[in-house]
Each structure stands twice: as C-alpha cells, then as structure tokens.
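These notes are about the structure you will find just below.
Structural data, given as structure tokens:
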C-alpha cells in the first residue's frame with residue numbers, strides 16, 4: 073500500500089491525477105478543476121499540484137481528519153483523499169471568483 077506522500081506525489085502529475093479521479097467517478101470534479109484553473113490562469117495540473125501541496129503544508133488537524141475520514145470510507149482511499157483535497161481547493165477558488 074502506498075504511503076500518503078507517495079499518493080500525493082503521484083496525484084501531482086496531470087495524467088495520473090485525471091486517471092485516478094476518473095476511475096473514482098470524479099469526472100464532475102475534473103470539470104470543476106478545469107474551470108477553476110482557467111479562471112486563475114493555470115493549467116489544470118498546476119492548479120491540482122498547487123492545491124495538493126498547499127493542503128499538505130497548511131492544513132490543520134481538523135482538515136486532515138475530515139479528508140482522511142472521506143478516504144477511509146471509500147474503496148479507493150487514495151483517489152478519495154486527493155478528490156477531497158481538490159474539492160476543498162475548487163470550492164475556495166469558486167468562492168474567490170464570486
């Protein structure tokens with residue numbers, strides 16, 4: 073089983089991220105990432121990379137418990153963890169754009 077850092081590192085590459093999210097049934101999230109990235113003038117993989125890195129560096133204990141809880145209830149915990157982190161980032165980006 074990959075370690076958390078390995079999952080984050082794998083998810084930071086565009087094709088691996090898109091494949092993992094698609095396999096986890098997260099196509100709508102991919103669309104939202106694309107829109108948020110465009111609004112911020114970033115490539116989608118750069119948006120995802122930045123979001124994951126910022127979360128891993130800045131999230132507090134409560135935020136980690138929340139995303140780990142989401143991951144723990146899914147049969148694809150790695151993809152679920154990354155999706156939960158990216159949902160947070162996309163929601164934040166959408167709130168800034170409003």
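Numbering (the numbering used here), first residue to last: 73 to 170.
Ideal placement from N, C-alpha and C gives every residue a C-beta, glycine not left out.
None of these values were measured; they are calculated from a predicted model.
Using only the alpha-carbon positions, how far apart do residue i and residue j sit?
i	j	result
residue 94	residue 128	22 Å
residue 101	residue 157	11 Å
residue 131	residue 160	11 Å
Once DSSP output is grouped into helix, strand and coil, what is the label at residue i?
i	result
residue 112	coil
residue 73	Reliability fails at residue 73, whose pLDDT of 46 lies under 50, so the model's placement of it is uncertain and the value that follows must be treated cautiously. Note: residue 73 maps to coil in three-state DSSP.
residue 170	coil
residue 131	coil
residue 97	coil
residue 121	helix
Using a Cβ-Cβ cutoff of less than 7 Å, which residues in the same chain neighbour residue i once the five nearest sequence positions on both sides are dropped?
i	result
residue 104	162
residue 155	93, 96, 98, 101
Pull up the CB-CB distance for residue i and residue j, whole angstroms please, since I reckon it's below 8 Å.
i	j	result
residue 152	residue 143	5 Å
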